[in-house]
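Undergrad:
In the UniProt record's numbering, the protein residues as written are 1 to 247.
1. Should the segment 182-194 be called in touch with the segment 16-23, which here means at least 3 C-beta pairs below 8 angstroms?
2. Shortest alpha-carbon distance to residue 214 belongs to which of 232, 228, 202?
3. Tell me the residue span of the beta strand (DSSP E) that contains residue 240.
4. Determine the direct distance from the alpha carbon of residue 77 to that of residue 141, and round the result to whole angstroms.
5. So, with DSSP's three-state summary, where would you put residue 14?
6. Just to confirm my understanding: we take residue 29, look at its own chain, exclude 5 residues before and 5 after, and list those with CB closer than 6 angstroms. What are they?
7. If you compare alpha carbons, which of 41, 136, 109, 154 is closest to residue 82?
8. Give the secondary structure of residue 1 by DSSP, where H, G and I count as helix, E and B as strand, and everything else as coil.
9. Any heavy atom of the ligand HEM closer than 8 angstroms to the Cβ of residue 202?
10. Mind pulling the beta strand (DSSP E) runs of 3 or more residues that sit fully within the segment 141-193?
11. For the segment 22-106, which segments carrying the alpha helix (DSSP H) assignment without a break, of at least 4 residues, lie completely within its bounds, in sequence order?
12. In angstroms, rounded to a whole number, what distance separates the CA positions of residue 170 and residue 176?
13. What does DSSP give as the partner residues of residue 133 in its beta bridges?
14. Let me know the alpha helix (DSSP H) ranges lying completely inside the segment 190-217, each 4 residues or longer, listed in chain order.
15. Can you tell which of 229, 201, 13, 6 has the C-alpha that lies nearest to the C-alpha of residue 120?
16. Could you tell me whether the Cβ atoms of residue 59 and residue 125 are closer together than 9 angstroms?
17. Alpha carbon to alpha carbon, what distance is there between residue 229 and residue 46?
Below you can see the structure in the form of structure tokens.
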């Protein structure tokens, strides 16, 4: 779920969300070096425009560490997809450099750094299944979802500059919800057993399919081949559906 509850006085939005990691992930490899250096298997990935560079600079500054690291980022998560690739990589940077440099920062300290980087980074320090609240910095681990298959579709739609900010700006007060959908999903997860697919809710679907009309075409195609409850992943444009079995 991703419920947007209200816009806050500080300009951020209050959310209540259940997030789940899956086995699609990037790989990061670390080696000691004099400076912080990045390389990647994706030619158009620019680390200076990513949270990974900010994460490395932040933890180095806070820890007052004089050395550096050579970091190789092997991308599997599509760029700007709504699947949390940038935020999860930033969390991996914090954990990886904390270990490589022997900083011994605890989870509380890492969470503080994560909150400075972005709303989703804190969750990826936990992983698994979690309730996320506030603007994303409050994370409560939950029992896992029942085992299911995830089908992901990455529509080849034009990239939106500042996509997430644009979607938030497009929301109206009538799109806000009270968090009850997420509360029901949390209750079902804590009680165990099956969960109700209709609880897979995303506030951004109120505006994303209007701003990117091509998304509706792909959602319709997925429905035609038997996919039910097709949803936007995060701020998109990735779409997903859950299936009970692989076939």
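Where a beta carbon is used, it is the ideal one built from N, C-alpha and C, also for glycine.
TA: Walking through what the data contain:
1. With a cut-off of 8 angstroms on Cβ pairs, the segment 182-194 is in contact with the segment 16-23, counting three or more such pairs.
2. For the residues 232, 228, 202, the minimum Cα distance to residue 214 belongs to 232.
3. Counting along the chain, the beta strand (DSSP E) containing residue 240 begins and ends at 239-243.
4. If you take the alpha carbons of residue 141 and residue 77, they lie about 23 angstroms apart.
5. Residue 14: strand per DSSP, three-state reduction.
6. The residues are 72.
7. For the options 41, 136, 109, 154, the alpha carbon positioned closest to that of residue 82 is the one of 154.
8. Here residue 1 sits in coil by DSSP.
9. Although the ligand HEM was asked about, the structure shown includes no ligands whatsoever.
10. You should have 149-153.
11. Taking only runs of at least 4 residues, the alpha helix (DSSP H) segments lying wholly in the segment 22-106 are 51-63, 85-100.
12. Pairing residue 170 with residue 176, the inter-Cα distance amounts to about 12 angstroms.
13. For residue 133, which the question treats as bridged, DSSP gives the partners 16, 138.
14. DSSP runs (the alpha helix (DSSP H)) wholly in the segment 190-217: 205-211.
15. Looking at the Cα atoms, 13 is the closest of the given residues.
16. With a cutoff of 9 angstroms on beta-carbon distance, residue 59 and residue 125 are scored as not near each other.
17. Cα to Cα, residue 46 sits roughly 35 angstroms from residue 229.
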